[in-house]
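When you read off a place in the sequence shown, starting at 1, and then add 1, the result is the number in our numbering. Note that beta-carbon positions come from the ideal geometry of N, C-alpha and C, so glycine has one too. Being a predicted model, the structure only gives us computed values, none of them experimental.
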Amino acid sequence: MKNNNWLYKAYKTNELPVLKSAHKRFKKPEVYYDLYSLPANIVDYGKNKKYYIRTYGCQANERDSEHIMGILEDIGYTRTMQAESADFLLLNTCAVRENAEKKVFGEIGLLKKIKYKTPDVLFALSGCMTQEPAVINKILKKIPYIDIVFGTHNIYRLPQLLEEALFTTKSVIEVWSKEGHVIENLPSSRESHIKAWVDIMYGCNYFCTYCIIPYTRGKERSRPVKVIVEEIKGLVESGYKEICLLGQNVNSYGKDLKEDVDFTELLKLVADTGIKRIRFTTSNPWNFPIKLMETIAQYSNIMPHVHLPMQSGSSSVLKRMSRRNTRETYLEITENLKKIVPNLSLTTDIIVGFPNETKEEFEDTLDIYDIIQFDNAYTFIYSQREGTPAASMSDNVTMDEKYKRLYALNDKVTTYSKKNKEKLIGKEVEVLVDGHSKNDHNFLSGHDANNNVVNFIGDKSDIGEIIKLRITKALNFSLMAEKCN
Ligand code: SAH
Ligand code: F3S
Numbered sequence: 002m003k004n005n006n007w008l009y010k011a012y013k014t015n016e017l018p019v020l021k022s023a024h025k026r027f028k029k030p031e032v033y034y035d036l037y038s039l040p041a042n043i044v045d046y047g048k049n050k051k052y053y054i055r056t057y058g059c060q061a062n063e064r065d066s067e068h069i070m071g072i073l074e075d076i077g078y079t080r081t082m083q084a085e086s087a088d089f090l091l092l093n094t095c096a097v098r099e100n101a102e103k104k105v106f107g108e109i110g111l112l113k114k115i116k117y118k119t120p121d122v123l124f125a126l127s128g129c130m131t132q133e134p135a136v137i138n139k140i141l142k143k144i145p146y147i148d149i150v151f152g153t154h155n156i157y158r159l160p161q162l163l164e165e166a167l168f169t170t171k172s173v174i175e176v177w178s179k180e181g182h183v184i185e186n187l188p189s190s191r192e193s194h195i196k197a198w199v200d201i202m203y204g205c206n207y208f209c210t211y212c213i214i215p216y217t218r219g220k221e222r223s224r225p226v227k228v229i230v231e232e233i234k235g236l237v238e239s240g241y242k243e244i245c246l247l248g249q250n251v252n253s254y255g256k257d258l259k260e261d262v263d264f265t266e267l268l269k270l271v272a273d274t275g276i277k278r279i280r281f282t283t284s285n286p287w288n289f290p291i292k293l294m295e296t297i298a299q300y301s302n303i304m305p306h307v308h309l310p311m312q313s314g315s316s317s318v319l320k321r322m323s324r325r326n327t328r329e330t331y332l333e334i335t336e337n338l339k340k341i342v343p344n345l346s347l348t349t350d351i352i353v354g355f356p357n358e359t360k361e362e363f364e365d366t367l368d369i370y371d372i373i374q375f376d377n378a379y380t381f382i383y384s385q386r387e388g389t390p391a392a393s394m395s396d397n398v399t400m401d402e403k404y405k406r407l408y409a410l411n412d413k414v415t416t417y418s419k420k421n422k423e424k425l426i427g428k429e430v431e432v433l434v435d436g437h438s439k440n441d442h443n444f445l446s447g448h449d450a451n452n453n454v455v456n457f458i459g460d461k462s463d464i465g466e467i468i469k470l471r472i473t474k475a476l477n478f479s480l481m482a483e484k485c486n
C-alpha cells in the first residue's frame, strides 16, 4: 500500500459487519425519537455543494435513500443528477442477488474516475451490500479511496460519520450487525409529490434459506401505529394521492408491539385517513387471514392488487427454501383472494433453478402458473448468497438449464400478462397519472387500481390527478388508453 498517495487511505473502522451475529437476536427493538442530530461543525457544510445519489434494489432502499437525501439537504447540500458535478457521491446498494452487486461494482468503477480527478469529492456507500463481511473486505481491497461506509442500521449517524470523514484522512467505516431499532424523526426528501412510500416495519424474521435480507436488515420490528397514521395524515394534507405501506413481510405487522393491532387493523386505520389510494408490499402466503382479504374488498381506497411472492409451485422446493407454505396453501389463499376481492390483480416473485430443483419440480411451477394466471411476475434465477443456508446446498442444475427454465417461465408470464390485459379493452379505468411516459414523451403514464401501467395522450394538468380512461389496446406489459368524455 502506498501511503503517500491520497488514494490509499487507512481505515477508521468504528465497526465492521459480522453476518453470523446478525442471526443473534436477543434484544427487544426500541423506538427512538431523538437519535438524529447535526454536529455544530457541519450544520452548514453542504451549503453551495451538491450531492449525487444512486439507489439500487427494493422499495425499502428507495425509502432509505429519501431519508439519506433529507439528511444531506439538512446539512445544506442540494441534489444533482450528474455525478460529475457532485461534491458528495453516494451509492445506496442492494445485496439480494449477485447481479445487483455486480451493477454496484460497475458504477463504482465509473465514479472512481471522478474521485481521481477531484479528490475532494466525498464518496460514500450504504445499504445492504455494506452489511456483508465479504463485500466489505472486497471494498477495503478494491476501493481504498472510499470516504464513508455505513449500513442499514445507522443511517441516522450520517452527519457524525461525515464530520469524522472531514477531519481524518482515513476511510470512516461503521456497519452494525444487529437486531436493529425503530429510529423516528429522520429528515426526508421524497422523490414524488404524488405517491409516497411509508415504512410500517423493518427487518425480517423468516430466514428463507436463499435470502440475505434477514441478515442485512435485522429483526422484524414495527413502527408504532400512531406514528404511521400521523405520517399518512400529513401526506394527505400535503396533497399526496397514494401511499404504499412497506415491510419485508407486512402480514407480521404489530407482532412485536405492545398495542393489540395487526396488519388488518392498521390497514383500516390507514384507510380512514382518507388517502385516495393505498397499496402495500410485500405480503407473504402465510398469516394472510380472511379478514385481511375482506378488508381489502371493503374499502374503496385499498387497491385490489396483491403482490404475493410464490417462489416455487413445488411443495418440496418450498420446503427446502424454508417457506412457511405449501403449493396447496398457496392455491387456497389465491382462490380465496379471487373470491373475496372483486377485480383483484395478483402478481408474484418466482425463483427458478433453486439448488437441485428437478424438472418435475420446475414443471410444478409452470403448472401452478397456468392455474393462477398471474397478472405479472418478477422471475429470477437463484443466486447464491454467501452465509445463507442454501449457499452450502449441493446443486446439480447447470446454468444452461436454469436459463432454459427462466425463459420457459417468462413465456408464460408474458402470455398471461397480455391475456389479462386484453380483458380490459373497452373498459373504463381510473388512473393516477404519474407523469410523462419514459419511453415516449408524447404520452402521459399512470397506474390503474390494479397497478397496470396505462399510457395515453393527455394534458400536463392531468399529472397528479386520478382520471377516467378507456382502454384501447393491450401490450404485453402495459395498456394504451384514451380519455373518457
Ligand atoms: N420480502 C421481501 C423480499 C425481497 S427480495 C419483499 O419485500 O419483497 C424480492 C425477491 O427477490 C424475493 O421474493 C425472491 O423472489 C427474490 N430473491 C431473494 N433472494 C434471492 C436469491 N438469493 N436468488 C434469487 N432471487 C432471490
Ligand atoms: Fe427474504 Fe423470506 Fe424474509 S424472502 S425478506 S427471508 S420472508
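Checklist entry - What do you reckon, is the C-beta of Ile54 under 8 Å from a heavy atom of the ligand F3S? => result No, Cβ of Ile54 sits at least 8 Å from all heavy atoms of the ligand F3S.
Item to check | Extent of the continuous beta strand (DSSP E) to which Ser346 belongs | outcome: Its beta strand (DSSP E) spans residues Ser346 to Val353.
Query - Leu111 - containing alpha helix (DSSP H), residue span - result: Its alpha helix (DSSP H) spans residues Glu99 to Lys118.
Just to confirm the assignment, what range does the alpha helix (DSSP H) spanning Ala87 have?
Ala87 -> no alpha helix (DSSP H), and no H or E assigned at all.
Helix, strand or coil: how does DSSP classify His154 here?
Correct three-state label for His154: coil.
ask   = Going by the CB atoms, is the gap between Arg386 and Ile213 shorter than 9 Å?
value = Contact check for Ile213 against Arg386 passes: the beta carbons are separated by less than 9 Å.
Give the range of the alpha helix (DSSP H) segment to which Ser66 is assigned.
-> Unbroken alpha helix (DSSP H) run through Ser66: Gln60 to Asp75.
Open item on the list: Under 7 Å, CB to any heavy atom of the ligand F3S. Which residues pass, going along the chain?
Closed with: Result (chain order): Cys205, Tyr207, Phe208, Cys209, Cys212, Ile214, Pro215, Gln249, Asn250, Asn285 and Pro310.
Q) Is Ser223 near Leu258, with beta carbons less than 9 Å apart? A) Yes. Within cutoff.
Inset, instruction - Under the assumption that Gly71 contacts Pro188 (Cβ atoms under 8 Å), give the Cβ distance between them as a whole number of angstroms. - result: Separation of the CB atoms of Gly71 and Pro188 is rounded to 3 Å, and the pair is thereby assigned contact status at 8 Å.
Apart from the five residues on each side of it in sequence, which residues of its chain come closer than 7 Å, Cβ to Cβ, to Asn5? Legend: pLDDT at Asn5 = 36, less than 50; position of this residue unreliable, value from coordinates given subsequently. Correct list: empty, nothing qualifies.
Same chain only: Cβ atoms within 8 Å of His448, ignoring 5 sequence neighbours per side: Counting only Cβ-Cβ distances below 8 Å, and skipping sequence neighbours, we find Val432, Leu433, Asp435, Val454 and Val455.
CB of Asp1 to nearest heavy atom of the ligand SAH: below 8 Å?
-> This structure cannot settle anything about residue 1, because the visible part of the chain is limited to 2 through 486.
### Closest by C-alpha distance to Tyr370, when choosing among Leu332, Val307, Asn186 and Cys485
Nearest C-alpha to Tyr370: Leu332.
key: Beta-carbon spacing of Leu309, Phe289 below 9 Å   = Cβ distance < 9 Å, so Leu309 and Phe289 count as in contact.
Consult DSSP for Ile297 and reduce its assignment to one of helix, strand or coil. Ile297 falls in the helix class under three-state DSSP.
Q.
With distance defined between alpha-carbon atoms, name the residue in Gly219, Ser190 and Ile458 nearest to Tyr207.
A. Residue Gly219 is the option with its Cα nearest to Tyr207.
Worksheet entry | Check: Cys59 C-beta below 8 Å from any heavy atom of the ligand SAH | Checking the Cβ of Cys59 against the ligand SAH gives yes.
- beta strand (DSSP E) containing Glu243: first to last residue? Looking at the DSSP string, the run of the beta strand (DSSP E) that includes Glu243 is Glu243 to Leu247.
Practice prompt. Would you mind reading off the limits of the beta strand (DSSP E) that contains Ile467?
Written response: Membership of Ile467 in the beta strand (DSSP E) is indicated by the continuous run Ile467 to Ala475.
**OP:** Report the rounded CA-to-CA distance for Tyr33 versus Leu268, giving the unit in angstroms.
**Re:** Computed Cα separation, rounded: 24 Å.
Problem - Same chain, Cβ closer than 6 Å to Ile149, five either side skipped, listed in chain order - result: The beta carbon of Ile149 is closer than 6 Å to those of Ala125, Leu162, Ala166 and Val173 in its chain, skipping five residues each way along the sequence.
(message) Quick check on this structure: which residue in Lys118, Asn443 and Ile372 has the alpha carbon closest to the alpha carbon of Lys461?
(response) Taking each of Lys118, Asn443 and Ile372 in turn and checking the Cα distance to Lys461, the smallest one comes out for Asn443.
Where the beta strand (DSSP E) containing Phe457 begins and where it ends:
That run of the beta strand (DSSP E) goes Val454 to Phe457.
In angstroms, rounded to a whole number, what distance separates the CA positions of Ser301 and Gly459?
If you draw a straight line from the Cα of Ser301 to the Cα of Gly459, it is about 25 Å long.
Q) Taking Cβ positions, are Arg191 and Glu67 nearer each other than 9 Å? A) A contact, by the Cβ cut-off of 9 Å.
Whose C-alpha, out of Val307, Ile426 and Asp88, is nearest the C-alpha of Asn452? Per the C-alpha coordinates, the member of Val307, Ile426 and Asp88 positioned closest to Asn452 is Val307.
- Rounded to the nearest angstrom, how far is the Cβ of Leu112 from that of Leu90, given a contact under 8 Å? About 5 Å separates the two Cβ atoms, so the contact holds.
Checklist entry - Does any C-beta atom of chain D lie closer than 9 Å to the C-beta of Leu90? => result The structure shown contains no chain D; it is built from a single protein chain.
- Query: If we ignore side chains and look at the alpha-carbon of each, how far apart do Ile499 and Thr274 end up?
  - Reply: The first residue shown for the chain is 2 and the last is 486, placing residue 499 beyond what the model contains.
(message) Please determine whether the Cβ atom of Ala391 lies at a distance below 8 Å from any heavy atom of the ligand SAH.
(response) Taking the Cβ of Ala391 as the reference point, at least one heavy atom of the ligand SAH falls within a distance shorter than 8 Å.
* Beta-carbon contacts of Leu20 that lie in its chain and below 6 Å, excluding the five residues immediately before and after -> Cβ within range, chain order: Pro134, Tyr216 and Gly388.
Note to self: As a quick exercise: from Lys171, Leu236, Ile184 and Glu180, pick the residue whose alpha carbon is nearest that of Ser193.
What the structure shows: Comparing Cα positions, the closest option is Leu236.
- prompt: Leaving out five residues before and five after Thr327 in sequence, what residues of the same chain have Cβ atoms less than 7 Å from its Cβ?
  reply: Excluding positions up to five away in sequence, the list reads Ser316 and Leu319.
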